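Trainee: Here it is, the structure, as structure tokens.
Protein chains: 2
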Amino acid sequence: MSQTVDILLTNAAVLTMDETYTQYEQGAVAVSGNRIVAVGPEKDITRQYEGKETLDCGGKVLMPGLVNVHTHVPMTLLRGLADDLRLDVWLLGYMMPVEREFVSPEFVRLGTKLAMAEFIRGGITAFADMYYFEEDVAQAVAEAGVRGVCGQTILKFPSPDAPSYEDALEYTRGFIERWKGHPLIVPAIAPHAPYTCTDEILQASAALAAEFDVPLHIHLAETALEVENMVNEHGMPVIPYVKKQHIFDAKVIAAHCVHIDEGEMHTLKQFGAGVAHNPSSNMKLASGIAPVAKMLEVGLNVGIGTDGPASNNDLDMFEEMRLANFLAKGSTGDPTVVPARTTIDMATRMGARAIHLGEVTGSLEPGKRADLILVDLSPLHNAPRFARDPDGRYAQLVYASKSTDVTDVMIEGRWVMRERQLLTLNEAELLAEAQEYARRIDAFLIQREKSVLSKLVAIEGATQEESFEVQAKVAVQDPAAVQAAIQSSAALEILRFRHYREFDTYFHFSDSHHILRYREDEFIDEKGEVSNVRYRLTLIGPASRKQFPSNILLSRSRYLAPATHSLRFYREYFKPERETTIEKDRLRWRVLFKGTEFYINLDEMHAPHIGSYLEVKSRTWSRRDAEVKSELVAELISLLNVDPEKIINQDYLEIVED
Amino acid sequence: MSQTVDILLTNAAVLTMDETYTQYEQGAVAVSGNRIVAVGPEKDITRQYEGKETLDCGGKVLMPGLVNVHTHVPMTLLRGLADDLRLDVWLLGYMMPVEREFVSPEFVRLGTKLAMAEFIRGGITAFADMYYFEEDVAQAVAEAGVRGVCGQTILKFPSPDAPSYEDALEYTRGFIERWKGHPLIVPAIAPHAPYTCTDEILQASAALAAEFDVPLHIHLAETALEVENMVNEHGMPVIPYVKKQHIFDAKVIAAHCVHIDEGEMHTLKQFGAGVAHNPSSNMKLASGIAPVAKMLEVGLNVGIGTDGPASNNDLDMFEEMRLANFLAKGSTGDPTVVPARTTIDMATRMGARAIHLGEVTGSLEPGKRADLILVDLSPLHNAPRFARDPDGRYAQLVYASKSTDVTDVMIEGRWVMRERQLLTLNEAELLAEAQEYARRIDAFLIQREKSVLSKLVAIEGATQEESFEVQAKVAVQDPAAVQAAIQSSAALEILRFRHYREFDTYFHFSDSHHILRYREDEFIDEKGEVSNVRYRLTLIGPASRKQFPSNILLSRSRYLAPATHSLRFYREYFKPERETTIEKDRLRWRVLFKGTEFYINLDEMHAPHIGSYLEVKSRTWSRRDAEVKSELVAELISLLNVDPEKIINQDYLEIVED
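This is how it looks when you write it as structure tokens:
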């Protein structure tokens, strides 16, 4: 008496990916409801089971669906937006400004569906995500019929979906309550990373995850800089630090782990954390090569992830498997490490365990959910086929096959692709909607990039300073005498004295009249040591100067912003056509002269070596006031025994460029 | 008046890959005969030219065909034969034995055609090859309508197509004479590598290439070991060495260059050599990461190659581009190096220059041959598309597109694929024939791997030693007394004395009764120093012993071979189930006793520490002789004041394993 099942898959080369890597060259799988009922040689299975529906797999490979252990699926809408950039420029200069402007529940649903279409086409049946509006992600994933661990991002900054982290936590609690127990969706919490969260956020996230027994998904030790900063600030590397914040009270999915040592691996293992290895992203962003061979030796569950499609730029697990394999061999110098079978394991059973779905999916075994794919090895890039080595099949899949060889995909017992036709998503509609978003994002960025000011505002905010400044400059032969005159003059009341070393870099643009100055001010104390450093950006507008008697200038309009990034960052972000650098030693007095405040700078120009200059400046608000002050400036200069006739009407940049 | 051309390609996003990277968003290309006549905006081209045939490209990307700068195309028939092995095991254990058995003109033609089908499907229109029977490769390439630089291999060993290098050179001369000037084929010479050629071969190859002005294709500095050996043997790295052999008299295609320094890069540049970078192969075989960013900075023409499909395992230039890009970023820690546009350049114009076809192909410019492809960016893994950055198109191709997005391919003005249908090759036939080869190769290897002996013969040759040896072993408490007795006995004539330290590793197999012993014999001179080392493999057959009176053994049949590789090599090649190691200090006398030759060993067992033993052995050829000798052995042992009653019938392995 044979048992009736819903679907019988016959005539397949079955890779079960069970603990002993059982294969059936002529195999069959029986499915009922959402579960696998039996797996075995075709002749046994067909004797024991009768299918309401039977599918002859035509000799294709039948294997568990692939598990993509780390991604940000809605970012599919940002694929190809900006490439070949350093992480900070890419993230702060492009991704975050665009996300602030565009990310909404609608954006997230569309991006997710586009990603689900690509997942299904490439044989991915389960994944772990981290993004904003994750409940909308979950909704779209469930509609597409894909299995997802959906992690809601928690940040210490305001994010597109939460003005504060408390709001984000509250949202996450509701999300978990509503979705826990869903057949496809596992809600999760995703504190973004140690450097974007506080201790309090990490602890609260872990507590929430533990309360509901849901996974905690986090970026850990992605770059060497992150580890360096962690050691400098907290005296320990990343894994001990997050352990101290009790994150291992939760089931952790640790994304990246590029820069961890063997001790940290043992900590991860001890607490059952899964590791998400993202080879393409780590290479494309030049983060480094994760020590995967060592992690596997330690016994960690290491899965493979695509990371977000904005840093990859695809969602292709076949490529990701191959790259994970190649990097392990290339970085250890040993071509025998992470062989093909282990690679497929990482992308299926071990990957499922890494995202805490090991009981549910990742292998073809009775009782597990029916998440499976058919891979057609008849296309010529897979030919020929050798049968000698039983591991040859894995090698064929890892080294030769392509995601486009996947023809059929079943998740939770339901077909989501048959013969390369998507059954749960309308691809043409998604593509059209995605292109409309791309058009709007393009327009936004093109508008922004039209002016250096708007690019500056996009990343730093910028405040427009007072528009007018009266300014005079004179070359001086004997600066010591001038200094003595300033310090001894009875007509001057010295309000404050400062000593700086100033390092200025001017960015020039071919398509803008603006000049952007990056200034590093080193404050020199009485012992001649640097007591503090300040970084500022100044956007200097087109010359709108007026010359007063005695060459005294009314200076340009300018915008000021604190420089929170490195010079290198701004160089790559603004892409100046050329640069000029000026270094000087500045003595600066704020003084009262005839009841009016002036700044007196005595500058010794170090690079280029163009001598010493006296500068007298005063802020002004009206044309009439400026005229009065320009006369006072000439008077003040005379007072210091410098000839006001020698006032020059150039700023340092012009002097240097002449 | 518009000019008539053969084919007008309209409505295409044209990437010309000319020197200034001109793009035409709505572009067109005019082709007549085998050449490009015009490239430009569609509205200009359609005004100036009328096509006998016009193809609306439907907005697809129209770009130069990809150039695969280093491969061994017939090895497509060996794809997936053996993976996850070290280079020596892979090459000497699998590739070369199979090549010796199977490579023929027929094999080469079939493998080439299979590769050409994959090339065309993936948009490859030109390539540089190195293999045997290269005239048959050329014939198959020409029939497929692909452009190839076909390099005939020259080796210092006998090869499948030439018993000696002189034969190979003679064959190459004829091949060059017959094919020079062919519109698609450039015949070339390919001395395999410095370590597989002699000085004389390199010099003769360079002279022949220079005589006919054809390229010289060679593997250079692929592994660190190659460089180390070169420095040890010749006191210089690889590039200076080959320069000394005058190879730069020829137009060189230098494959790999993984381990070269900046000085060597300048040498390559000075002589106009092209570099073939093979990222997949270098990673899969763990050779290392070539310093591509530095090479580009130096100004070398660096192309991208797939290497042979037996070490890759595909012929997919889209993957190869992406990997070249990722490795450059990952290895330098700088995500801005080798941006997408440069990557496409390496795969087209620069690649063509690297294989000395720069005048002919690699870009869409009037006068160049019409080698072009259409890439469909409508599949969802390419969506959406951003237009802000003109380099975005290159990024889309490098980071997101797949070889399966190529729909149409034209080479030399002739369509070889239209709408994914191959026009010059019968794919189904090729696949069937390839599978038949795979079946035969499988059978050959399965037969070979049935026995450890045949695996041994496949790589080393092995000689069957005398089948019988009479042998007796006794534990001794006072080895110094036994040594004194040997040296002083009047009955013994000492013919030779040797002192060794012996390191034995025994490989045990679960599926064989054979045991393979790897022995390292250190010869110790009178000063106690190692004067020489010998490595031997001994295959010890199933026990076929007979016990004589006094426990004297007739030993097992055995096969001997010199061990030319490392213990590590044999371990990976033979894959023993387990190993045993034994170390001992051996004093060995060859003596005459009553007119018969015996070996007396006095062994002090170091690891494991199991004491000292006296062994007496003699070779024998007949059962009768063995009986006589076994009596003499007992007599000799008594002579040395050792009790023959204590003779044990075990060899060291058995003693240790007990």
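Listed in order, the protein sequences are those of chains V and R.
The first sequence runs contiguously to residue 658 in the working numbering.
The second sequence runs contiguously to residue 1316 in the working numbering.
All C-beta atoms, glycine included, are put in the ideal place defined by N, C-alpha and C.
The model shown is predicted, which means the values in this text are computed figures rather than measured ones.
What runs of the alpha helix (DSSP H), each 4 residues or longer, lie entirely inside the segment 333-383 of chain V?
Mentor: List check, alpha helix (DSSP H) in window: 340-347, 349-354.
Trainee: Under 8 Å, CB to CB, which of the residues in the segment 1043-1054 of chain R have a partner in chain V?
Mentor: Those would be Arg1043, Phe1044, Ala1045, Arg1046, Asp1047, Asp1049, Gly1050, Ala1053, Gln1054, in chain order.
Trainee: I think Val238/V touches Ile260/V, with their Cβ atoms under 8 Å apart; what is that distance to the nearest whole Å?
Mentor: Sequence index remark: in the first sequence, residue 238/V carries index 238 (1-based). Sequence index remark: in the first sequence, residue 260/V carries index 260 (1-based). Confirmed, about 7 Å.
Trainee: Could you tell me which chain R residues have their CB closer than 7 Å to the CB of Thr505/V, listed as they occur along the chain?
Mentor: Mapped onto the first sequence, residue 505/V falls at position 505. Per Cβ cutoff of 7 Å: no residues; Thr505/V is ~18 Å from chain R at best.
Trainee: Under the assumption that Gly58/V contacts Thr424/V (Cβ atoms under 8 Å), give the Cβ distance between them as a whole number of angstroms.
Mentor: Residue 58/V sits at position 58 when you count from the first residue of the first sequence. Residue 424/V sits at position 424 when you count from the first residue of the first sequence. Gly58/V to Thr424/V, Cβ: 23 Å. No contact.
Trainee: Can you check which of these residues, Asp1261/R, His904/R, Tyr853/R, is closest to Glu886/R by C-alpha distance?
Mentor: Working through the second sequence from its first residue, we reach residue 886/R at position 228. Comparing Cα positions, the closest option is Tyr853/R.
Trainee: Which of helix, strand or coil does DSSP assign to Lys646/V?
Mentor: Your numbering for residue 646/V matches position 646 in the first sequence. Lys646/V falls in the helix class under three-state DSSP.
Trainee: Would you mind sorting Thr407/V into buried or exposed? The rule is 16 or more other CB atoms within 10 Å of its CB.
Mentor: Here the question's residue 407/V lines up with position 407 in the first sequence. Flag for Thr407/V reads buried.
Trainee: Please list, in chain order, the chain R residues whose beta carbon lies closer than 8 Å to that of Pro339/V.
Mentor: The count along the first sequence starts at 1 and reaches residue 339/V at position 339. By Cβ distance, chain R contributes Asp741, Asp742.
Trainee: Just how far apart, CA to CA, sit Ala168/V and Ala273/V?
Mentor: The sequence position of residue 168/V within the first sequence is 168, counting from 1. The sequence position of residue 273/V within the first sequence is 273, counting from 1. Ala168/V and Ala273/V: Cα-Cα distance of roughly 24 Å.
Trainee: Report the option in Lys52/V, Asp44/V, Val656/V whose CA atom is closest to the CA atom of Thr580/V.
Mentor: Here residue 580/V refers to the residue found at position 580 when the first sequence is read from its first residue. Closest by alpha carbon: Val656/V.
Trainee: Following the continuous alpha helix (DSSP H) through Thr830/R, name the residue where it begins and the one where it ends.
Mentor: In the second sequence, counting from the first residue as 1, residue 830/R sits at position 172. Per DSSP, Thr830/R belongs to the alpha helix (DSSP H) from 823-837.
Trainee: Need the endpoints of the beta strand (DSSP E) that Ser1276/R sits in, please.
Mentor: Along the second sequence, one-based indexing puts residue 1276/R at 618. 1269-1278 is the extent of the beta strand (DSSP E) around Ser1276/R.
Trainee: Taking 8 Å as the CB-CB cut-off, is Gln1093/R touching chain V?
Mentor: In the second sequence, residue 1093/R corresponds to position 435, counting from 1. With 8 Å as the cut-off, Gln1093/R counts as an interface residue toward chain V.
Trainee: Excluding sequence positions up to five away, which residues of its chain have a Cβ less than 7 Å from the Cβ of Tyr132/V?
Mentor: As a working note, residue 132/V is residue 132 in the first sequence. Answer for Tyr132/V: Val103, Val108, Thr153, Ser159, Pro160, Asp161, listed in chain order.
Trainee: Given that a residue counts as buried once 16 or more other Cβ atoms are within 10 Å of its Cβ, and exposed if not, what is Asp478/V?
Mentor: In the first sequence, the residue the question calls residue 478/V occupies position 478. Asp478/V comes out exposed.
Trainee: Looking at Ala290/V and Cys257/V, is the spacing between their C-beta atoms short of 8 Å?
Mentor: The residue you call residue 257/V lines up with position 257 of the first sequence. The residue you call residue 290/V lines up with position 290 of the first sequence. Yes, these two residues count as a Cβ contact at 8 Å.
Trainee: Decide yes or no for the touch test of the segment 933-946 of chain R against the segment 693-713 of chain R: beta carbon pairs closer than 8 Å, at least 3 of them.
Mentor: The segment 933-946 of chain R vs the segment 693-713 of chain R: no contact.
Trainee: Using a Cβ-Cβ cut-off of 7 Å (strictly less than) and excluding sequence neighbours within five positions of Gln928/R, which residues of its own chain qualify?
Mentor: On the second sequence, position 270 is the one that residue 928/R refers to. The answer is none, since no qualifying residue turns up.
Trainee: What residue does the alpha helix (DSSP H) around Asp651/V start on, and which one ends it?
Mentor: Here the question's residue 651/V lines up with position 651 in the first sequence. Element bounds for Asp651/V: n/a, residue is neither H nor E.
Trainee: Relative to the C-alpha of Glu520/V, which residue among Tyr171/V, Ser512/V, Val533/V is closest?
Mentor: As a first step, residue 520/V must be located in the first sequence, where it is residue number 520. If we check each option's Cα against that of Glu520/V, Val533/V comes out closest.
Trainee: So is the beta-carbon of Asp56/V under 7 Å away from any non-hydrogen atom of the ligand MN?
Mentor: Although the ligand MN was asked about, the structure shown includes no ligands whatsoever.
Trainee: With H, G and I counted as helix, E and B as strand and the rest as coil, what does DSSP make of Ala82/V?
Mentor: Indexing the first sequence from 1 puts residue 82/V at position 82. Coil, per DSSP.
Trainee: If we define contact as Cβ-Cβ less than 8 Å, is His277/V a contact residue for chain R?
Mentor: Along the first sequence, one-based indexing puts residue 277/V at 277. For His277/V, the answer is no, since every Cβ of chain R falls outside 8 Å of its Cβ.
Trainee: Whose Cβ in chain V lies nearer than 8 Å to the Cβ of Leu735/R?
Mentor: Here residue 735/R is taken as the residue at index 77 of the second sequence, counted from 1. Pro384, listed in chain order.
Trainee: In its own chain, which residues sit with a C-beta less than 7 Å from the C-beta of Thr22/V, not counting the 5 before and 5 after it?
Mentor: The count along the first sequence starts at 1 and reaches residue 22/V at position 22. Here the set comprises Thr16.
Trainee: My output table needs one value for Glu880/R: the three-state DSSP class, helix, strand or coil.
Mentor: Residue numbering aside, residue 880/R sits at position 222 when the second sequence is read from its first letter. Note: Glu880/R maps to coil in three-state DSSP.
Trainee: Tell me, to the nearest whole angstrom, how far the beta carbon of Val727/R is from that of Ala786/R; I am working on the premise that it is less than 8 Å.
Mentor: Within the second sequence, numbered from 1, the residue matching residue 727/R stands at position 69. Within the second sequence, numbered from 1, the residue matching residue 786/R stands at position 128. About 5 Å; that satisfies the 8 Å criterion.
Trainee: Alpha carbon to alpha carbon, what distance is there between Thr1222/R and Arg1244/R?
Mentor: Translated into the one-based positions of the second sequence, residue 1244/R becomes position 586. Translated into the one-based positions of the second sequence, residue 1222/R becomes position 564. Distance between the alpha carbons of Arg1244/R and Thr1222/R: 23 Å.
Trainee: So Asp376/V contacts chain R; which residues on that side make the cut at Cβ distance below 9 Å?
Mentor: The residue labelled residue 376/V in the question sits at position 376 within the first sequence. Result: empty, since nearest Cβ-Cβ is about 12 Å, beyond 9 Å.
Trainee: Residues in the segment 396-411 of chain V with C-beta within 7 Å of chain R's C-beta atoms, listed in sequence order?
Mentor: Within the segment 396-411 of chain V, the qualifying residues are Gln396, Tyr399, Ala400, Lys402, Thr404.
Trainee: Using C-beta distances below 6 Å, list every residue in its chain close to Arg1236/R, excluding the 5 sequence neighbours before and after it, in chain order.
Mentor: Taking the first residue of the second sequence as position 1, residue 1236/R is located at position 578. His1166.
Trainee: Would Glu1180/R and Arg1159/R qualify as a contact pair, given that the criterion is a beta-carbon distance under 8 Å?
Mentor: Within the second sequence, residue 1180/R is the residue found at index 522, counting from 1. Within the second sequence, residue 1159/R is the residue found at index 501, counting from 1. Their beta carbons are under 8 Å apart, which means Glu1180/R touches Arg1159/R by this criterion.
Trainee: Just the C-alpha distance for Ser1189/R and Phe1155/R, rounded to the nearest angstrom, thanks.
Mentor: To locate residue 1189/R, count along the second sequence from 1; it is residue 531. To locate residue 1155/R, count along the second sequence from 1; it is residue 497. Spanning the two alpha carbons is a distance of roughly 15 Å.
Trainee: With DSSP run on the structure shown, which of helix, strand or coil describes Val1067/R?
Mentor: Here the question's residue 1067/R lines up with position 409 in the second sequence. DSSP places Val1067/R in strand when its eight states are reduced to three.
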